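>
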Amino acid sequence: MSRPRAALATGLVVLTTVALTAALAGATAPARNGRIAFMRLHPGHDDRWSEIFVANADGTGETRITHPPVGYRDDLPDWSPGGSRVVFQRCAPNGGTCLVWSVKPDGSGLKRLSPPCRSGRVPPACVADTSPVYSPDGRHLAFVRSTGTLIAAGVTSPALMVADSHLQHARAVVRFRPFRAGPYMVAWSPSAGQLAFAGVNESPQAKPLGGRALYVVGVDGTGLRRVTPWSLQAGDRLDWSPDGSRILFRTDSDRKGAFGANLYTVLPDGTGLRQLTHIRPSYRVLPGSYSPDGTSIVFSTTDGATNATPGLPNLFVMRVDGTGIRPVTRSDTWDGSPDWGPRERP
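Here the numbering used here is used: the sequence shown runs in plain steps of one and ends on residue 919.
Set out below in structure tokens:
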């Protein structure tokens with residue numbers, strides 16, 4: 574379903590630059606493999622303008638499906654289970670608010686799902702919504718909402734939310750607390766009963782300050798538990814395997830501009846940690862997404878990319894054990910936040 578990067582414009586500090594974000598994912602429901610949705614930076618605009626594209630798994634058929642105004646950042650695409658829509662976040666320029674939108678995979682039917690926010694306004698004047706992902710049945714969305722309520726200087730109160738597929742009737746699953754890592758990326762289990770999320774300790778009272786880890790919680794808010802050690806610095810965009818057995822994530826999140834990072838998987842109970850990529854620290858490694866048939870993973874890296882020297886990643890596909898890496902895109906700009914969708918239903 575992964576990015577560079579997007580995040581809450583204010584509030585929870587969530588990877589706001591290309592070098593620091595890579596994107597987040599939802600559950601990849603079991604299905605036949607379809608197209609890959611991803612974010613691409615508009616050439617020559619650094620991280621200040623990005624659009625959503627789709628392409629076949631062999632890199633053919635590239636099509637741009639969003640056309641944001643200059644300076645807006647579209648990122649973190651997530652396919653609906655039937656392949657009929659792609660949900661994503663759109664962030665306003667210069668630290669403006671992020672809101673959730675959706676679009677059909679041919680670029681038509683663009684809709685804003687988040688409540689409107691006047692241009693230039695940020696929390697607490699209005700909410701900021703990020704990291705949207707569909708439930709396995711497509712009837713709900715999980716996402717992160719920042720209301721702007723201050724916990725400490727520069728730290729707002731993000732909450733892990735669930736709403737219907739129109740982002741209506743939203744309810745909080747997990748809220749930020751001073752000694753609990755605030756959520757900033759989320760993935761939905763294929764069984765629909767659990768959410769995995771990446772959390773970061775932004776509150777000065779939280780220990781370790783700046784620590785990042787993965788958590789699992791029931792959709793009803795029960796059974797919250799941390800599943801990775803702080804030392805691993807796990808985070809960024811996540812994806813749950815189609816069979817529900819493993820969670821895919823990136824280490825070294827928000828550190829060193831994604832240099833020295835690698836992709837790992839872990840069982841939902843925190844056991845069975847497995848490193849998939851072994852890419853040298855001189856290259857960037859960004860988050861990935863399982864194929865709907867569970868045999869492959871698409872991810873983003875500068876290792877082997879067309880424009881690797883300035884640090885611009887392309888998309889690659891590998892087997893689920895980390896072998897057989899092959900290129901998908903060969904652009905001269907930044908490709909990231911891939912989400913592997915299902916074969917669209919006729």
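By construction, the Cβ of each residue, glycine as well, lies at the ideal position given by its N, Cα and C atoms.
Every value quoted in this text rests on a predicted model; they were computed, and no experiment measured them.
Applying the criterion that 16 or more other CB atoms from any shown protein chain within 10 Å of the CB defines a buried residue, is S540 buried or exposed?
As shown, the chain starts at 574 and ends at 919. That puts residue 540 outside it, with no answer to give.
> Name the one or two DSSP bridge partners that T703 has.
Answer is V717.
> List the endpoints of the continuous beta strand (DSSP E) containing S730.
First-last for S730: undefined, no H or E at that position.
> Quick check: what's the CA-CA separation for R899 versus V890?
Their backbone Cα atoms lie some 5 Å apart in a straight line.
> Expressed to the nearest angstrom, what Euclidean distance is found between the alpha-carbon atoms of G519 and Q662?
No answer is possible for residue 519: the residues shown for the chain start at 574 and end at 919.
> Can you give me the start and stop residues for the beta strand (DSSP E) that N887 sits inside?
Start and end: 887–892.
> Helix, strand or coil: which one does DSSP assign to G897?
Here G897 sits in coil by DSSP.
> Secondary structure at L846, three-state DSSP: helix, strand or coil?
Reduced to three states, the DSSP call for L846 is coil.
> Per DSSP, what kind of secondary structure is A831 in: helix, strand or coil?
In the structure shown, A831 sits in a helix (DSSP, three-state: H, G or I).
> Scan the region 749–807 and note each continuous beta strand (DSSP E) run of 3 residues or more that stays entirely inside, going in chain order.
You should have 755–761, 767–773, 785–791.
> Measure how close the beta-carbons of Q767 and V800 come, nearest whole angstrom, since I'm counting them as under 8 Å.
The Cβ separation is near 11 Å, so there is no contact.
> With the cut-off set at 8 Å, would you say G861 and P802 are in Cβ contact?
Not in contact: G861 and P802 (Cβ atoms no closer than 8 Å).
> Pick out whichever of N629, N667, G656 has its Cα sitting closest to the Cα of G644.
Closest by alpha carbon: N667.
> Going by C-alpha to C-alpha distance, which of S730, K677, P709 sits closest to A701?
The shortest C-alpha separation from A701 is found at S730.
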